[in-house]
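One structure is given here, and the rest of the page talks about it.
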Amino acid sequence: PKGDNALQTTFQRDYDHVSFGRKTPREAAAEFITEAKAELRP
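Be aware that the sequence shown starts at 56, since it is given in my numbering, and climbs by one per residue.
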């Protein structure tokens, strides 16, 4: 679907930030959802 590559990139970036302690899981999830909604908007 449209935006799948962008979402994969965003997920990997957020995963890395959580893994290295730069963000909490809650912060990363909120950011991912915000970006996913923007990317998947028709």
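Don't be surprised by glycine CBs; every beta carbon is placed ideally from N, CA and C. Bear in mind the structure is a predicted one, so any value in this text is a computation, not a measurement.
- Looking at the backbone, the Cα of R77 and that of P97 are separated by about 32 Å.
- Counting along the chain, T64 sits inside the alpha helix (DSSP H) bounded by residues 59-74.
- CA-CA distance, T89 to F75, rounds to 21 Å.
- Counting along the chain, T79 sits inside no alpha helix (DSSP H), nor does DSSP assign it H or E at all.
- Its chain contains D69 as the residues whose beta carbon lies nearer than 8 Å to that of A84, once the 5 sequence neighbours on both sides are disregarded; these appear in chain order.
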